[in-house]
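A short worksheet on the structure shown next.
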Amino acid sequence: MHLENIYHKLPIALQNIGCSLVGWKICRTRFGPPFWRHLQQAEQRAKWSDDRLLAYRDQRIREFVAHAAATVPYYRRLFREQGIDPRQIRTLDDLKQLPILSKEEVQNHGRQMISDAVPPRQHIIAHTSGTTGGGLRFATTLDAEQQQFAVWARYRRWHGVDLKDWCGYFGGRSVVPLSQTCPPFWRYNRPGRHIFFSGYHLTPENLPHYAAELRRRQPPWIHGYPSLLALLAAHLLDTRSDLGYRPGNVTVSAESLLSQQAEIIERALGVRPTQHYGMAEAVANISECERGKLHVDEDFAAVEFVPNPDGCGHKIVGTNFTNPATPLLRYDVQDTATLSDGPCSCGRPGRTIEDVDGRREDYVVLKNGARVGRMDHVFKDLINIREAQIYQQRAGEITIRVVRRDGYTPADEEQLLRETRQRIGQDTKVLIQYVDGLERSPTGKLRFVISDLQEGKLGQPTG
Numbered sequence: 187m188h189l190e191n192i193y194h195k196l197p198i199a200l201q202n203i204g205c206s207l208v209g210w211k212i213c214r215t216r217f218g219p220p221f222w223r224h225l226q227q228a229e230q231r232a233k234w235s236d237d238r239l240l241a242y243r244d245q246r247i248r249e250f251v252a253h254a255a256a257t258v259p260y261y262r263r264l265f266r267e268q269g270i271d272p273r274q275i276r277t278l279d280d281l282k283q284l285p286i287l288s289k290e291e292v293q294n295h296g297r298q299m300i301s302d303a304v305p306p307r308q309h310i311i312a313h314t315s316g317t318t319g320g321g322l323r324f325a326t327t328l329d330a331e332q333q334q335f336a337v338w339a340r341y342r343r344w345h346g347v348d349l350k351d352w353c354g355y356f357g358g359r360s361v362v363p364l365s366q367t368c369p370p371f372w373r374y375n376r377p378g379r380h381i382f383f384s385g386y387h388l389t390p391e392n393l394p395h396y397a398a399e400l401r402r403r404q405p406p407w408i409h410g411y412p413s414l415l416a417l418l419a420a421h422l423l424d425t426r427s428d429l430g431y432r433p434g435n436v437t438v439s440a441e442s443l444l445s446q447q448a449e450i451i452e453r454a455l456g457v458r459p460t461q462h463y464g465m466a467e468a469v470a471n472i473s474e475c476e477r478g479k480l481h482v483d484e485d486f487a488a489v490e491f492v493p494n495p496d497g498c499g500h501k502i503v504g505t506n507f508t509n510p511a512t513p514l515l516r517y518d519v520q521d522t523a524t525l526s527d528g529p530c531s532c533g534r535p536g537r538t539i540e541d542v543d544g545r546r547e548d549y550v551v552l553k554n555g556a557r558v559g560r561m562d563h564v565f566k567d568l569i570n571i572r573e574a575q576i577y578q579q580r581a582g583e584i585t586i587r588v589v590r591r592d593g594y595t596p597a598d599e600e601q602l603l604r605e606t607r608q609r610i611g612q613d614t615k616v617l618i619q620y621v622d623g624l625e626r627s628p629t630g631k632l633r634f635v636i637s638d639l640q641e642g643k644l645g646q647p648t649g
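If you use the working numbering, the sequence shown corresponds to residues 187 to 649, in order.
Given below as structure tokens:
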């Protein structure tokens with residue numbers, strides 16, 4: 187039986203213990219002594235001059251390109267076939283000699299993308315679906331994870347978040363069984379000091395319970411998907427209620443933060459949400475400073491902004507240099523950025539941008555009225571799906587449009603239905619439609635969730 191199914195059958199008290207055990211393990215590994223060393227070094231680099239920081243970035247590029255060319259079968263062949271000497275790639279601009287890498291290519295080449303210099307015993311398997319719904323699994327390392335979390339922690343500490351603060355977390359983790367109809371719609375990770383609020387039970391009837399738990403516990407830090415926090419904020423405004431306290435910080439990630447979401451969250455919680463942009467592949471990271479400006483974390487990855495053919499924004503293309511197990515050179519993240527003019531008044535080095543147009547999804551509306559955002563978790567392990575899109579015409583029914591890869595079998599369809607049911611329950615009708623391709627925006631973006639329902643539209647509610 188799947189571990190998640192076993193977890194959902196446990197009494198609530200044991201589910202809290204299970205969350206805490208996982209949290210304890212994470213604290214022992216991800217936040218061990220190397221993490222704190224990486225954090226200290228990252229905070230020092232934020233004080234460097236532009237020239238010093240960019241020289242550091244280019245040095246990391248040279249080292250990582252050499253590592254990929256020497257130890258990764260895919261890149262050994264690529265450099266040979268392209269006639270490129272890896273020693274010629276010395277700066278961010280030199281990366282343009284290489285072709286842009288797509289997720290599909292990484293999926294298709296599998297183990298050819300993995301470095302033979304990193305022993306398998308050091309591999310940690312990471313999962314992502316990104317903005318296309320196509321599952322991707324790849325190898326990373328514990329040190330790579332610690333470097334990534336150090337950069338995320340640096341951004342949070344800019345805003346006064348203490349890593350020992352209790353956090354009210356609104357995300358996509360399936361911590362509360364969908365069959366549960368009464369509170370508590372949250373679980374505790376005590377070692378990690380997280381209250382995990384379910385993102386799948388946010389019905390109008392249940393929202394007062396969420397607000398009541400926040401009033402009772404008053405976590406100084408609230409974090410989550412902006413689509414979920416906007417639902418909570420709209421409830422507070424619509425009912426003319428509040429949390430009885432002002433959180434010290436509200437941070438968001440995993441989705442683009444829309445201006446109307448930021449406004450409604452600030453009106454309801456009294457705090458302007460801040461955001462950072464990152465992904466499991468670790469090819470780019472962008473963090474908001476205290477002045478509200480989005481800074482490219484130049485010391486974490488080599489980020490290129492490639493103009494879109496239609497002139498609308500720039501495609502984000504990134505090279506990771508923290509993950510030696512699966513180097514990704516010029517990886518297309520499939521998100522678009524609007525660039526900024528000039529440095530930020532905060533004085534930190536590196537480039538800035540205005541915004542990221544990426545993970546903007548409508549809600550899925552369940553039969554009971556609950557609105558579910560950020561459904562990408564369904565597809566993280568479905569590596570035989572090239573692309574997917576969820577379409578909804580009526581509440582309580584969805585159609586999943588699937589572009590199959592060659593290895594797709596009936597077992598993949600069963601897994602897709604099972605993963606979907608675990609997140610939206612048995613009451614919502616699920617149809618699967620196989621298609622040859624999915625329509626994209628003029629900038630090449632794929633909308634992952636499309637709703638024809640007024641209550642499912644992103645930007646609803648307005649409060």
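Don't be surprised by glycine CBs; every beta carbon is placed ideally from N, CA and C.
| Item | Value |
| --- | --- |
| Arg477 (DSSP reduced to helix, strand or coil) | coil |
| Collapsed DSSP secondary structure at Asn509 in the structure displayed | coil |
| contact_flag[the stretch 419-437, the stretch 385-398] where n(CB pairs < 8 Å) is 3 or more | yes |
| Ser637 in three-state terms, based on DSSP | strand |
| Which of helix, strand or coil DSSP assigns to Gln651 | In the structure as shown, the chain begins at 187 and stops at 649. Residue 651 is therefore absent and cannot be evaluated. |
| Thr629 - DSSP class collapsed to helix/strand/coil | Because the pLDDT of Thr629 is 45, which lies under 50, any placement of that residue in the model is unreliable, and the question is left without a value. |
| Whether Asp638 touches His313 by CB criterion (7 Å) | no |
| Thr524: first and last residue of the uninterrupted beta strand (DSSP E) it sits in | Tyr517 to Leu525 |
| Local conformation of Pro647 per DSSP, three classes | With a pLDDT of 43 at Pro647, under the threshold of 50, the predicted position of this residue should be treated as unreliable, and no value is reported. |
| Sub-7 Å separation of Lys354 and Leu400 beta-carbons | The sequence given here places Gly at residue 354; Lys does not occur at that position. Yes. |
| Glu476 burial status per 10 Å Cβ neighbour count (16 or more: buried) | exposed |
| Cys498 versus Thr512, Ala523, Ile212 and Gly504, residue with shortest Cα-Cα distance | Ala523 |
| Element boundaries [beta strand (DSSP E), containing Ser493] | The sequence as given places Pro at residue 493; Ser does not occur at that position. Run containing Pro493: Ala487 to Pro493, per the beta strand (DSSP E) assignment. |
| Closest by C-alpha distance to Asp543, when choosing among Gln333, Tyr594, Ser439 and Leu417 | Ser439 |
| Euclidean distance between Cα positions of Pro647 and Arg572 | Confidence is the limiting factor: at Pro647 the pLDDT is only 43, short of 50, which leaves the residue's position unreliable and the question unanswerable from this model. |
| Contacting residues, own chain, Cβ-Cβ under 7 Å from Val489 (five flanking each side not counted) | Ala470, Val482, Ile502 and Gly504 |
| Opening and closing residue of the alpha helix (DSSP H) in which Gln601 lies | Pro596 to Ile610 |
| Backbone secondary structure at Phe382 - three-state DSSP | strand |
| Straight-line Cα distance separating Ser413 from Phe356 | 10 Å |
| Ile571: first and last residue of the uninterrupted alpha helix (DSSP H) it sits in | Careful: Ile571 lies outside any alpha helix (DSSP H), inside the beta strand (DSSP E) at Ile571 to Arg580. |
| Span separating the alpha-carbon of Ile636 from that of Gly642 | 8 Å |
| Helix, strand or coil at Phe650 [DSSP, three-state] | Since the first residue shown for the chain is 187 and the last is 649, residue 650 is missing from the structure and cannot be characterised. |
| Strand pairing of Gln461, partner residues [DSSP] | Val438 |
| Any 3 or more C-beta pairs closer than 8 Å across the stretch 604-615 and the stretch 574-589 | yes |
| Which residues DSSP lists as bridging Arg373, in chain order | Phe382 |
| For Lys233, three-class secondary structure by DSSP | coil |
| Per-residue burial, Lys195 [other beta carbons within 10 Å of its own, 16 or more giving buried] | exposed |
| Run of the alpha helix (DSSP H) containing Phe404, from where it starts to where it stops | Note that residue 404 is Gln in the sequence shown, not Phe. Careful: Gln404 lies outside any alpha helix (DSSP H) and carries neither H nor E. |
| Proximity of Gln308 and Thr327 at Cβ, strictly below 7 Å | yes |
| Own chain, CB closer than 6 Å to His421, minus 5 neighbours either side, in chain order | Leu393 |
| Buried versus exposed, by CB contacts within 10 Å (16 or more), Asp518 | buried |
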